[in-house]
Amino acid sequence: MTPTAERSLTTYLVGFVLAVVLTAIPFAVVWGGLLTGPAVYAVIAVAAVLQVMVHLVFFLHLNFKSTPAENLFFLAFAAVLIIIMVGGSLWIMNDLHHRMM
Amino acid sequence: MTDISSGNAVLLEEEEKTSLEAREFGFWIYLMTDAVIFALLFATYAVLANNSAAGPTSNDVFELSHTALETALLLLSSLTFGFATIAMTLGRSGRVVFWLIVTLLLGVCFLAMEFVEFQGMLEKGAGPEVSGFLSAFFTLVGTHGLHVAFGALGICVMIGQVLIKGLTLPVRSRLVRLGLFWHFLDIVWIGIFSVVYLPGVM
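Written out as structure tokens, the structure is:
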């Protein structure tokens, strides 16, 4: 194996182990009933966001050196759109729900 | 004479590389728009999740062990696709085909599990027409499943291309793009088990 191939093998394996850990944590918390209330949602949300970043870095190989700036720009643009649309929808619908009660 | 033709060949190869890079960028834009579609399906689900219309609730229809196994299959398939990509950089087409077949099998197992889950829900009278919750569930998870099915089809096509054409520049580029797609689907699945299944059984 060439050094680069070895390095990318390590990258995939490290990413895989991190992903397994970040999957196991929320499943264990929900399955074992280790926490209750909003804390569970917080654990699930943090683990999910971290795991998405692990996938982007270790599997999709995103970084600030070799990834073209345009790709990162589009990723950021999509993230902004998603935050506005998902956050906005949830905000409006929760507000409506609250008023209808 | 030979100098000119070899110079042309170099130029052609350069041109091919730029055009393939443009395609990779285009594919990235497609993935980002697909992410927006999924995000909106997630928002729809989050809004409708509690509206079970006196029908089955998420607690009645979800089985966490089933979801855990599906998650494991998809995550493993992401890793094996990574192995195929590494084999590609080493130029070993036999290994590429082997790891693609492993990825394909894992993907098909995932689809089979999802099919069994949907089938079981339909038999229990929890079809998409029952409530807002179930409509949103089938739309979101079904769209992801459809993507995986097309990804599996893509893997079949790429196995054929690697076998017939070998690891030429365009084939490598297509394999890289299919890899992006496959890893992207695994990212969407993180959202599905975090938004749909885990809160659903609590």
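So the protein sequences, as listed, match chains B and A. Residue numbers are given in this note's numbering: position 81 of the first sequence equals residue 81, and the series is strictly consecutive. Take any residue in the second sequence, count from 1 to its spot, add 1000: that is its number in this note's numbering. Using N, Cα and C, we set each Cβ at its ideal position, and we do this for glycine too.
- For Val43/B, the secondary structure class from DSSP, reduced to helix, strand or coil, is helix.
- For Ser1194/A, the chain B residues whose Cβ falls inside 8 Å of its Cβ are Pro26, Ile44, Ala45, Ala47 and Ala48, in order along the chain.
- Val1148/A and Ser1005/A have their C-alpha atoms some 44 Å from each other.
- The distance from the Cβ of Leu1153/A to that of Met1088/A is about 20 Å, inconsistent with a contact at the 8 Å cut-off.
- Contact between Leu81/B and Val1036/A holds: CB atoms are separated by about 6 Å, below the 8 Å threshold.
- Pro68/B counts as exposed, since fewer than 16 other C-beta atoms from the protein chains shown sit within 10 angstroms of its C-beta.
- Interface residue (Cβ-Cβ distance to chain B less than 9 Å): Pro1199/A is classified as such.
- Between Asn1051/A and Gly1142/A a beta carbon distance of about 18 Å is seen, past the 8 Å cut, so the two are scored as non-contacting.
- Around the beta carbon of Glu1070/A, a 10 Å sphere encloses 16 or more other beta carbons of the protein chains shown; the residue is thus reported as buried.
- With a threshold of 9 Å between beta carbons, Met1032/A makes contact with chain B.
- Residue-level contact check: Val1096/A does not touch chain B, since none of the beta carbons of chain B fall below 9 Å from its beta carbon.
- Not one beta carbon of chain B lies nearer than 9 Å to the beta carbon of Leu1134/A.
- Contact of Ala1049/A with chain B is not assigned, every C-beta pair being separated by 9 Å or more.
- Contacts with chain B (Cβ-Cβ distance below 9 Å) from the stretch 1057 to 1083 of chain A involve Leu1064, Ser1065, Thr1067, Ala1068, Thr1071, Ala1072, Leu1075, Leu1076, Ser1078, Leu1079, Phe1081, Gly1082 and Phe1083, listed in chain order.
- Contact annotation: in the stretch 69 to 98 of chain B, residues whose CB is within less than 8 Å of a CB in chain A are Glu70, Asn71, Phe74, Leu75, Phe77, Ala78, Leu81, Ile82, Met85, Val86, Ser89, Leu90 and Met93.
- Following the DSSP letters along the chain, one finds Tyr12/B inside the alpha helix (DSSP H) bounded by residues Pro3 to Gly32.
- For Phe64/B, no chain A residue has a C-beta closer than 9 Å to its own C-beta; the minimum C-beta separation is roughly 16 Å.
- Proximity to Met1113/A across Phe1062/A, Val1195/A and Pro1170/A peaks at Phe1062/A, based on C-alpha coordinates.
- Each residue's CA atom was taken as its position, placing Gly1191/A and Ala48/B some 7 Å apart.
- Under the 8 Å Cβ criterion, the stretch 1154 to 1171 of chain A does not count as touching the stretch 14 to 27 of chain B, having fewer than three qualifying pairs.
- If you ignore the 5 residues before and after Leu1104/A, its C-beta comes within less than 8 Å of the C-beta of Ala1152, Ile1155, Cys1156 and Ile1159, all in its own chain and listed in chain order.
- Proximity of Ala19/B to chain A, defined by a Cβ-Cβ separation below 9 Å, is satisfied.
- For Glu1114/A, the enclosing alpha helix (DSSP H) starts and ends at Ser1093 to Glu1123.
- DSSP places Pro1170/A in the helix class (H, G or I) of the three-state scheme.
- Collapsing the DSSP output to three states places Lys1017/A in a helix.
- The C-beta of Ala1046/A comes closer than 9 Å to at least one C-beta of chain B.
- DSSP places Phe58/B in no alpha helix (DSSP H); its state is neither H nor E.
- Of all C-beta pairs linking the stretch 1089 to 1097 of chain A to the stretch 1111 to 1126 of chain A, fewer than three are shorter than 8 Å, placing the two stretches out of contact.
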